[in-house]
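Novice:
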Amino acid sequence: MTKELKKPKIIFIDLDGTTIDKSSKFKKDISEINQKGLAKLKEKYGLEIFVSTGRAVVEKTKMLARKCGNENNFVAWNGAKVLKDGQEIFSAAIDQEVVEQIFELAEKWKMTIIINSNFKNGLYSNSFLFKVASIFKKGKCYKLKEFNKETEVFKLLFLNLSKKKLHLFAEELKKLWPKDLNVSISGFKNEFLEVTSFFASKGSSNKYLAKSFGVDAEDCWHVGDSQNDSTASGHMGYVIAMKNSVPEFKDKADFISPFTNKKGGLYKTLEMLLTKFE
Numbered sequence: 057m058t059k060e061l062k063k064p065k066i067i068f069i070d071l072d073g074t075t076i077d078k079s080s081k082f083k084k085d086i087s088e089i090n091q092k093g094l095a096k097l098k099e100k101y102g103l104e105i106f107v108s109t110g111r112a113v114v115e116k117t118k119m120l121a122r123k124c125g126n127e128n129n130f131v132a133w134n135g136a137k138v139l140k141d142g143q144e145i146f147s148a149a150i151d152q153e154v155v156e157q158i159f160e161l162a163e164k165w166k167m168t169i170i171i172n173s174n175f176k177n178g179l180y181s182n183s184f185l186f187k188v189a190s191i192f193k194k195g196k197c198y199k200l201k202e203f204n205k206e207t208e209v210f211k212l213l214f215l216n217l218s219k220k221k222l223h224l225f226a227e228e229l230k231k232l233w234p235k236d237l238n239v240s241i242s243g244f245k246n247e248f249l250e251v252t253s254f255f256a257s258k259g260s261s262n263k264y265l266a267k268s269f270g271v272d273a274e275d276c277w278h279v280g281d282s283q284n285d286s287t288a289s290g291h292m293g294y295v296i297a298m299k300n301s302v303p304e305f306k307d308k309a310d311f312i313s314p315f316t317n318k319k320g321g322l323y324k325t326l327e328m329l330l331t332k333f334e
């Protein structure tokens with residue numbers, strides 16, 4: 057540990073790759089170890105645990121947040137939406153003109169785009185492979201030129217079979233729209249590219265939600281595994297990377313857990329750190 061621990065009032069937790077530790081072919085879930093463990097830590101140390109995820113504000117996300125002990129207060133779409141007491145208190149869409157230009161650029165780079173985490177109805181690709189995939193998901197794959205310019209976009213997720221090309225595209229977006237976009241690589245193997253408004257990030261939105269409860273960001277922790285979690289650095293008092301985190305996030309975290317997200321790793325990580333405050 058390179059930073060002094062302060063007892064947290066709020067702990068923000070990522071879902072995929074962090075809290076979710078149970079999966080089958082068709083479903084990702086949170087184990088009983090994590091569910092019961094998080095509830096125990098909340099009661100024992102008198103703290104709150106809020107979800108901070110790249111997922112959308114949909115029933116499935118709320119169900120997962122409920123299993124973490126709080127479905128009414130969470131950060132979604134990497135900070136583009138913030139809910140407090142079940143009500144939206146912050147929202148940041150990407151500028152529509154910028155979205156149009158991004159679609160034009162994405163077509164040249166042969167990118168596949170998923171809008172607002174909606175694979176079934178928000179998939180845009182000129183790739184035959186993704187068209188077939190959408191059929192299996194009982195959704196629809198639109199051509200990039202079919203994008204409805206009136207659509208309000210909070211998050212763009214880019215896919216490409218070439219990881220190198222995806223990362224180069226990320227750098228191009230950063231160069232072209234440095235004051236409009238928040239660009240981050242995500243996924244267990246850095247295989248996704250996520251884009252939100254410049255004003256939306258997990259770090260800034262965590263801070264905003266904490267402040268709405270009268271809690272200073274220095275009294276908050278954030279736990280994650282991917283590059284979009286690195287935005288918590290500089291905003292949160294303490295940033296924790298799971299053992300399975302990507303190297304880029306580990307480099308920015310204050311602490312690297314000896315546990316992966318598997319088999320209740322999140323609970324084990326927090327329990328280990330919080331014992332200092334008994």
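According to our numbering, the residues represented by the sequence shown are 57 to 334, in order.
Every residue, glycine too, gets a C-beta built ideally from N, C-alpha and C.
1. What are the complete beta strand (DSSP E) segments, minimum 3 residues, inside the stretch 157 to 231?
2. Using a Cβ-Cβ cut-off of 6 Å (strictly less than) and excluding sequence neighbours within five positions of Lys104, which residues of its own chain qualify?
3. Does DSSP put Lys78 in a helix, in a strand, or in coil?
4. Answer yes if the stretch 278 to 286 comes into contact with the stretch 247 to 267, meaning at least three C-beta pairs across the two stretches below 8 Å, and no otherwise.
5. Going by beta carbon distance, what residues of the same chain come within less than 6 Å of Val295, once the five residues before and after it are set aside?
6. Considering only residues of the same chain and omitting the five flanking positions on each side of Phe305, which have a CB-CB separation below 8 Å?
7. Check whether the Cβ of Thr287 lies closer than 8 Å to any Cβ atom in chain D.
8. Helix or strand or just coil, what does DSSP make of Asn246?
9. Which residue marks the beginning of the beta strand (DSSP E) containing Ala132, and which one marks its end?
10. Whose C-beta lies closer than 7 Å to the C-beta of Pro314 among residues of the same chain, with five residues either side of it excluded?
11. Can you check DSSP and say which residues form a bridge with Ala297?
12. Roughly how many angstroms separate the alpha carbons of Phe225 and Glu99, rounded to a whole number?
13. In whole angstroms, what separates the C-alpha of Gln143 from that of Asn128?
Specialist: So, from the data block:
1. Complete beta strand (DSSP E) runs here, min 3: 168 to 171 and 212 to 215.
2. Per the sequence presented here, residue 104 reads as Glu, with Lys not at that position. Scanning its chain for C-beta atoms nearer than 6 Å, with the 5 sequence neighbours on each side dropped, one finds around Glu104 the residues Ile66, in chain order.
3. Of the three classes helix, strand and coil, the one that applies to Lys78 here is strand, per DSSP.
4. Because the criterion of three Cβ pairs below 8 Å is met, the stretch 247 to 267 and the stretch 278 to 286 touch.
5. His278, Ala288, Ser289, Ala309 and Asp310, listed in sequence order.
6. Around Phe305: Gly280, Asp281, Ser282, Gln283, Asp285, Ser286 and Ala297.
7. In the structure shown, chain D does not exist; there is a single protein chain.
8. Three-state result, Asn246: coil.
9. Counting along the chain, the beta strand (DSSP E) containing Ala132 begins and ends at Phe130 to Ala132.
10. Here the set comprises Lys299.
11. Gly280 and Ile312, per the DSSP bridge assignment.
12. Going by the C-alpha atoms only, they are around 45 Å apart.
13. Rounded to whole angstroms, Gln143 to Asn128 spans 8 Å at the Cα level.
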